[in-house]
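As you go down the protein sequences, you meet chains A and B in turn.
Just so you know, we're using this note's numbering here: the first sequence kicks off at 2 and counts up by one.
Just so you know, we're using this note's numbering here: the second sequence kicks off at 23 and counts up by one.
Idealized CB from N, CA, C, for every residue including glycine.
Report on the following structure.
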Amino acid sequence: MIMSAIKKRFGLVLFIAAYLFAVFWVFTQSNPPNFDGVTTIRIAHWQIELGPPDGIDAVIKRYEELNPNVRVKQVMVPGQVYRQWMRANFAGDNAPDIVEYGAWLDGLADLPVRYFQPITEELLEANPYNEGTELEGVPWLKTFHDELLEQRLNSPEPGQYFAVTMSRGSTRLFCNRELLKKVTGSTELPEDFEGMRGLFKQTADYAKLHGNTLMPFAGSRDNALWMMSFYMGGVMNSLSQKLDTDGFLGLYARQTQWKYLNGDWSYSHPQVKAAFSLLAEISKQMRPGYMSFLRDEAYRQFFRGDALFIYTGTWDATSIIRLADFPVSVLRSPQPTQSDPLVGRYMLGHFADGYNMTGFGFYLNKRSPNRDQAVDFMRFMTSYEGAKLFTEKSGWVPSIRTVPIAPEIANYVSPEDGVGYAGPNLSLGGGTRSIFSSNFHHLIGPKGSVDKLAKVLDEVMPPAAREALQVEQRAANWAVLLQDTRIVALGSLLETDSRNPKLILRRERLEAAQNLSESRSLLLRRQLEIIADKGIR
Amino acid sequence: MPRIFKFLSCAVLCLGWVGLTDAKDENGEPTLDQVWAFATTSQPIEARNILDDLEGLEPRVETLAEVVLALARPPISKGDWKDIEPVLANLSEEDDEIAARALYLQARMYQVHMPTPDYVRAEELYREIAQRWPGSHWAQLGYVKLGLVKLYALAEPTDSEVRFAEVQVLLDQITEPTLHRDLQLQIGRAGMFHERPLDEVLPHLIAADAVPGMLGITPEELKIQIGELSFRAGHLEQSKLYFEEFLAEYPSNIRRFNVRQQLKKVLAALGETEASP
Numbered sequence: 002m003i004m005s006a007i008k009k010r011f012g013l014v015l016f017i018a019a020y021l022f023a024v025f026w027v028f029t030q031s032n033p034p035n036f037d038g039v040t041t042i043r044i045a046h047w048q049i050e051l052g053p054p055d056g057i058d059a060v061i062k063r064y065e066e067l068n069p070n071v072r073v074k075q076v077m078v079p080g081q082v083y084r085q086w087m088r089a090n091f092a093g094d095n096a097p098d099i100v101e102y103g104a105w106l107d108g109l110a111d112l113p114v115r116y117f118q119p120i121t122e123e124l125l126e127a128n129p130y131n132e133g134t135e136l137e138g139v140p141w142l143k144t145f146h147d148e149l150l151e152q153r154l155n156s157p158e159p160g161q162y163f164a165v166t167m168s169r170g171s172t173r174l175f176c177n178r179e180l181l182k183k184v185t186g187s188t189e190l191p192e193d194f195e196g197m198r199g200l201f202k203q204t205a206d207y208a209k210l211h212g213n214t215l216m217p218f219a220g221s222r223d224n225a226l227w228m229m230s231f232y233m234g235g236v237m238n239s240l241s242q243k244l245d246t247d248g249f250l251g252l253y254a255r256q257t258q259w260k261y262l263n264g265d266w267s268y269s270h271p272q273v274k275a276a277f278s279l280l281a282e283i284s285k286q287m288r289p290g291y292m293s294f295l296r297d298e299a300y301r302q303f304f305r306g307d308a309l310f311i312y313t314g315t316w317d318a319t320s321i322i323r324l325a326d327f328p329v330s331v332l333r334s335p336q337p338t339q340s341d342p343l344v345g346r347y348m349l350g351h352f353a354d355g356y357n358m359t360g361f362g363f364y365l366n367k368r369s370p371n372r373d374q375a376v377d378f379m380r381f382m383t384s385y386e387g388a389k390l391f392t393e394k395s396g397w398v399p400s401i402r403t404v405p406i407a408p409e410i411a412n413y414v415s416p417e418d419g420v421g422y423a424g425p426n427l428s429l430g431g432g433t434r435s436i437f438s439s440n441f442h443h444l445i446g447p448k449g450s451v452d453k454l455a456k457v458l459d460e461v462m463p464p465a466a467r468e469a470l471q472v473e474q475r476a477a478n479w480a481v482l483l484q485d486t487r488i489v490a491l492g493s494l495l496e497t498d499s500r501n502p503k504l505i506l507r508r509e510r511l512e513a514a515q516n517l518s519e520s521r522s523l524l525l526r527r528q529l530e531i532i533a534d535k536g537i538r
Numbered sequence: 023m024p025r026i027f028k029f030l031s032c033a034v035l036c037l038g039w040v041g042l043t044d045a046k047d048e049n050g051e052p053t054l055d056q057v058w059a060f061a062t063t064s065q066p067i068e069a070r071n072i073l074d075d076l077e078g079l080e081p082r083v084e085t086l087a088e089v090v091l092a093l094a095r096p097p098i099s100k101g102d103w104k105d106i107e108p109v110l111a112n113l114s115e116e117d118d119e120i121a122a123r124a125l126y127l128q129a130r131m132y133q134v135h136m137p138t139p140d141y142v143r144a145e146e147l148y149r150e151i152a153q154r155w156p157g158s159h160w161a162q163l164g165y166v167k168l169g170l171v172k173l174y175a176l177a178e179p180t181d182s183e184v185r186f187a188e189v190q191v192l193l194d195q196i197t198e199p200t201l202h203r204d205l206q207l208q209i210g211r212a213g214m215f216h217e218r219p220l221d222e223v224l225p226h227l228i229a230a231d232a233v234p235g236m237l238g239i240t241p242e243e244l245k246i247q248i249g250e251l252s253f254r255a256g257h258l259e260q261s262k263l264y265f266e267e268f269l270a271e272y273p274s275n276i277r278r279f280n281v282r283q284q285l286k287k288v289l290a291a292l293g294e295t296e297a298s299p
């Protein structure tokens, strides 16, 4: 009886104690209980192909050896669901400490300003993990091959750096060398696209002779769109040059959208139609139905020997080379020249097939409870040692200066030998990306034609382009709103420390950043008003 | 009272004590500068926690800090507007630095924080800052903001010459070099949007380029833009100078090849010019 009462009371006390501890923890801490003194940080990305996860694992392993009190978990999320995953996790305040993000991801333009923490000040200091290397004492920012050009181009807050990058690359033709020799008698590619037309015919003849279905290109929706976007961009360069009234020698998506909505160009422009004719020609070199295939199907076609080439980015190189049971060459794509019978009169010359711009960008979650550890890991993964481990295990080109590039991947980096104005293409940026693919059948279907596709795109693109411009405007405006507090707070700090050079510089930089964002926001707002006045819905 | 409630009361008191001690700064008493420091790094919750712990603050300072932190979580609602705007108006009635900051923020509320901006009211407030604290940082920053509105946001005046003349008046009153540069850059850029003559636009861009400290991609793009617009305007030596400066200073820009192609045209044109009698 007494024992029973004691047991009941003990249980109640234990329950209350546990409840109180839980309440205490919820109100005073934002982390799971840390009983062993080990902090766990999470890093998320969508590069789940062969290579990068191994590279990051190697970096993590070494980092944990150097920092036994920190555990790093790699979270791999498939690309198909990454956008939704990011949106849901940031909205639910459950996002990892470090996340991969790209400015080109549709519909996420507002994310960086809302959820990512700038790391500009850290980047201006030397990376301590570079001690004892050639990069010792060099500001972290300067250790990247391109000094984080992508951030300079696309930072949601001009002048602020939000990410560090791990790699760089380009798009290439991956070639089944043995099969190419069987078909053409050579392992060399033609010099230009006109030569490729000859190769297309040789391939068709070979397939007919051998009674198989060999095609020049392995086809899937993604691979086809990458290849078409590349060729279309090349043809569009001279139109983009004309549209570049501001003289930047290039166009941002927001400028291309505005120029389109303002009537400066359309999909019915003769040059655009010529590019569509080229795409129709390329389309015939893939197995019918490719727009309904996923990337895996294209790889299967290539690995089975049903296609000579697969067009993709060097991000797929490790997977392709490891999985193919034949020698694979990684080649630059032959391009139309100024004497090309179809598009030659529009060609500006050789066009860019890759930039010396680093990517695979990792951002710091603004709400990370482990900010210091997360930044420290970002430092290590982009240090000389971290980058060397990553490139050795992933087969990806490193983003960090002085880190050796293995000879077999050296040609993943394009030399500076091609024109690139960006501008009109299959997509106008933002959420317009899916418009082209969902209407592509108007070009290649049984009753398809260039004129039909151009007409349909000019009917459906304006609302999407306007929406994309609105998203840009909102993102710029959002950056401005957040900066008012910071500017007045800096002014308040300066009131008591008016000669502090660091504070003065910070204020100058912050105000300059806001002035840039604000100008962009106001310009886009005005452009949207002009479009509305024109009655574009 | 059952014993269990006594136990609970003690436990809750202990919990409160633990919570309080945890909230205190490890290095000593919280300070107002910590509030501002957190606010400068977009950490309004942390700033708010410290502000709540501060004691003996001058009421106007505390009120301003509260309003500044309230603006850190945009967009503000109609209810927020009623809580913030009158407070700022009230703070701005005095004649001190707090009043200047409050009036500046009030102008910003009308210009950027309202769902539909009231540019007329914002202009009145920016001009009031300049009138009450002439030459102050907030007055000059206000002129930059007013200039941006006039350059881009307003449909009127339709005569772009009048528009730019109005902004030039504002520019002439800004003495802080970086703020002067920021507005001058936008006068040049807006000049392209409003299709002003290249020879009117270029001096603004060149003047902006001369002041260091521009951010992000802007300084690189500005060199390209001056080089290209100079080429189009026929100022070949100037074009060559800026294109060459760009190539020397920015080894990683993705537009380098485009610039090199344009520079070839400039050099060819210079050759022709120089060769011709």
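DSSP-derived helix/strand/coil call for residue i
i              : result
S269 (chain A) : coil
Y261 (chain A) : helix
K46 (chain B)  : The pLDDT assigned to K46 (chain B) is 42, lower than 50, so where the model puts this residue is not dependable, and the model offers no usable value.
A308 (chain A) : strand
M77 (chain A)  : strand
L79 (chain B)  : coil
V14 (chain A)  : helix
P425 (chain A) : coil
L365 (chain A) : strand
D223 (chain A) : helix
G234 (chain A) : helix
I401 (chain A) : strand
S171 (chain A) : strand
V420 (chain A) : strand
Neighbourhood of residue i by C-beta, 6 Å cutoff - its chain only, sequence neighbours within 5 removed
i              : result
V184 (chain A) : Q203, T204 and Y207
R185 (chain B) : P179
D47 (chain B)  : Low per-residue confidence applies at D47 (chain B): pLDDT is 44, beneath 50, and the placement is therefore not dependable, though the value from the model is reported in the following sentence. Cβ neighbours of D47 (chain B) beyond the five flanking positions: none.
Y116 (chain A) : F91 and K367
Beta-carbon proximity list for residue i, same chain, < 7 Å, skipping 5 on both sides
i              : result
I228 (chain B) : I248
N70 (chain A)  : G38, V39 and T40
R333 (chain A) : R173 and D354
G306 (chain A) : N177 and L180
S522 (chain A) : Q474, A477, N478 and V481
L258 (chain B) : V288, A291, L292 and T295
Counterpart residues of residue i in DSSP-defined beta bridges
i              : result
N177 (chain A) : A:V329
M216 (chain A) : A:A308
Q336 (chain A) : A:D193
T166 (chain A) : A:G362
R72 (chain A)  : A:T41
T188 (chain A) : DSSP lists no partner for T188 (chain A).
F391 (chain A) : Note: F391 (chain A) sits in no beta bridge, so no partner.
T62 (chain B)  : In the DSSP output, where bridge partners are listed per residue, T62 (chain B) has none listed.
Cβ-heavy atom distance, residue i to the ligand SAH, below 6 Å
i             : result
A18 (chain A) : Of the ligands one can find in the structure shown there are none, so the ligand SAH has no counterpart to examine.
Proximity test, Cβ basis, 7 Å: residue i and chain C
i              : result
M214 (chain B) : In the structure shown, chain C does not exist; the protein chains are A and B.
Beta-carbon contacts of residue i that lie in its chain and below 8 Å, excluding the five residues immediately before and after
i              : result
G103 (chain A) : G360 and G362
L390 (chain A) : G56, A59, V60 and R63
I321 (chain A) : F175, Y300, F303, I311, T313 and V329
Practice problem: Flag this pair as touching only if the stretch 86-98 of chain B and the stretch 526-535 of chain A have three or more C-beta atom pairs under 8 Å; answer yes or no. | Solution: Not touching, per the Cβ criterion.
Quiz item: On the three-pair Cβ rule with 8 Å, is the stretch 52-68 of chain B touching the stretch 480-494 of chain A?
Solution: These segments touch.
Practice problem: Just list the beta strand (DSSP E) runs in the stretch 34-68 of chain A, keeping only unbroken ones of 3 residues or longer that don't cross its boundaries, in chain order. | Solution: Within the stretch 34-68 of chain A, the complete beta strand (DSSP E) runs of at least 3 residues are 40-46.
Quiz prompt | Complete runs of the alpha helix (DSSP H) confined to the stretch 450-511 of chain A [at least 4 residues] | solution = Positions of the alpha helix (DSSP H) runs, each at least 4 residues long and wholly inside the stretch 450-511 of chain A, are given as 451-497 in order along the chain.
Quiz item: Unbroken alpha helix (DSSP H) runs of length 4 or more, entirely within the stretch 157-229 of chain B: which are they?
Solution: Restricted to the stretch 157-229 of chain B, the alpha helix (DSSP H) segments that are unbroken, complete and at least 4 residues in length are 159-170, 182-194 and 199-215, listed in chain order.
Quiz prompt | Sequence ranges, beta strand (DSSP E) only - wholly within the stretch 87-160 of chain A, length at least 3 | solution = Within the stretch 87-160 of chain A, the runs of beta strand (DSSP E) at least 3 residues long that lie entirely inside it are, in chain order, 99-101.
Quiz prompt | Touch test, the stretch 148-159 of chain A against the stretch 472-484 of chain A, Cβ-Cβ under 8 Å, three pairs minimum | solution = Contact annotation: the stretch 148-159 of chain A touches the stretch 472-484 of chain A, with at least three C-beta pairs closer than 8 Å.
Exercise. Please determine if the stretch 249-265 of chain A and the stretch 233-253 of chain B are in contact, where contact requires at least 3 C-beta pairs separated by less than 8 Å.
Key: Flag = yes, the stretch 249-265 of chain A and the stretch 233-253 of chain B touch.
Self-check item: the stretch 252-267 of chain A in contact with the stretch 218-233 of chain A per 3-pair CB rule at 8 Å
Solution: When C-beta atoms of the stretch 252-267 of chain A are compared with those of the stretch 218-233 of chain A, fewer than three pairs fall below 8 Å, so the two segments do not count as touching.
Quiz item: Mind pulling the alpha helix (DSSP H) runs of 4 or more residues that sit fully within the stretch 72-137 of chain B?
Solution: Uninterrupted alpha helix (DSSP H) stretches at least 4 residues long and entirely within the stretch 72-137 of chain B occur at 81-92, 100-113 and 119-130, given in chain order.
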